[in-house]
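Going down the list, the sequences are from chains V and Y.
Reminder that position 87 of the first sequence reads as 96 in the numbering used here, one-by-one numbering, no gaps.
Reminder that position 91 of the second sequence reads as 114 in the numbering used here, one-by-one numbering, no gaps.
Beta carbons are placed, not taken as given, at the ideal position from N, Cα and C, and that holds for glycine.
Note that this is a predicted model, so its numbers are computed, not measured.
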Amino acid sequence: SQKIEQNSEALNIQEGKTATLTCNYTNYSPAYLQWYRQDPGRGPVFLLLIRENEKEKRKERLKVTFDTTLKQSLFHITASQPADSATYLCAHNYGQNFVFGPGTRLSVLP
Amino acid sequence: NAGVMQNPRHLVRRRGQEARLRCSPMKGHSHVYWYRQLPEEGLKFMVYLQKENIIDESGMPKERFSAEFPKEGPSILRIQQVVRGDSAAYFCASSPPETPNYGYTFGSGTRLTVV
Chain V
10 SQKIEQNSEA LNIQEGKTAT LTCNYTNYSP AYLQWYRQDP GRGPVFLLLI
60 RENEKEKRKE RLKVTFDTTL KQSLFHITAS QPADSATYLC AHNYGQNFVF
110 GPGTRLSVLP
Chain Y
24 NAGVMQNPRH LVRRRGQEAR LRCSPMKGHS HVYWYRQLPE EGLKFMVYLQ
74 KENIIDESGM PKERFSAEFP KEGPSILRIQ QVVRGDSAAY FCASSPPETP
124 NYGYTFGSGT RLTVV
């Protein structure tokens, strides 16, 4: 069955640095990958979508890549700020819905 | 636009009772998805509905769980005879008919506690 792994459960970085989160998937070739942000006690918030024929997508300080050969997506936050601290989820389409990874909890230290 | 509205935010039920979770999608959205999230775990797909139709219920337990999205009113996720293992956060998401795969809008969730 399809499976999504995210590089680590938690990631701590210093303010101003670039945070890089990894999402690996197996047993499926998705057409779309999405990234969401989730704060404690809240629902996920959609950030970016990238299609299989797109190598890279940017939105303000966010950048997402999609490597269909490696079956991997990277999510970058440049010039990170303490307000970026949250759990970040990746998801890929599967049939008519999306499968989510377990998330990576990012802490940006001042 | 009020976004996806879920209620109640918190629900406490004793073992054996029924839990009814409600979700009103964003205005103009006709696709509704229910996900369950256990502590420290990812979101697990349960069911995908359109108005008056269940499109995919492959993630829903065969017994005790049911979902509907009537022509009028919110989508309802119903759990009968709740057990402790049903304690979780239940999230509803919606998407528009033109771009169902583009990105979901999630509600704030219902936190079910079974005592």
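Judged by beta-carbon spacing, Y/H33 lies within the 9 Å limit of Y/T133, meaning their Cβ atoms are closer than that value. Annotation: V/P49 has no Cβ neighbours in chain Y at a cutoff of 7 Å; minimum Cβ distance is about 11 Å.
For V/L58, at least one C-beta of chain Y is nearer than 9 Å to its own C-beta. Taking V/T87 as the centre and dropping the five residues before and after it, the same chain places the C-beta of T27, R70 closer than 6 Å to its C-beta, in chain order. Under the three-state reduction of DSSP, Y/D79 is assigned to strand. L98, A100, N102, Y103, G104, Q105, N106, F107, V108, F109, G110, P111, G112: these are the residues of the stretch 85-115 of chain V whose beta carbon lies less than 9 Å from some beta carbon of chain Y, given in chain order. Under the three-pair Cβ rule at 8 Å, the stretch 10-24 of chain V counts as touching the stretch 33-49 of chain V. A direct Cα-to-Cα measurement between Y/G108 and Y/Y58 gives close to 15 Å.
Taking a beta-carbon distance threshold of 9 Å, V/Y45 counts as an interface residue toward chain Y. Straight-line measurement puts the Cα of V/C99 at about 10 Å from the Cα of Y/G65. If you compare the alpha carbons of V/R60, V/R46, V/V108 with that of V/V54, the shortest gap goes to V/R46. Here Y/A25 carries a coil assignment [DSSP, helix/strand/coil]. With a cutoff of 9 Å on beta-carbon distance, Y/C115 and Y/Q60 are scored as not near each other.
In the assembly as shown, V/T78 is an exposed residue. Its beta-carbon has fewer than 16 other beta-carbons within 10 Å. Under DSSP, the beta-bridge partners assigned to Y/T136 are Y/V35. Residue-level contact check: Y/G65 touches chain V, since one or more beta carbons of chain V fall below 9 Å from its beta carbon. With distances taken between CA atoms, V/L30 lies nearest to V/T74 out of V/T74, V/Y41, V/E61, V/E24.
Across the set Y/H54, Y/P62, Y/M83, Y/Y125, the C-alpha of Y/H54 shows the shortest separation from the C-alpha of Y/K94. In the displayed model, Y/R101 falls within a strand according to three-state DSSP.
The Cβ-Cβ distance between Y/M49 and Y/S117 falls below 9 Å. Look at V/F75: its C-beta is not under 9 Å from any C-beta on chain Y. Within its own chain, the residues whose Cβ lies closer than 6 Å to the Cβ of Y/E41, once the five positions on either side in sequence are excluded, are Q103, listed in chain order.
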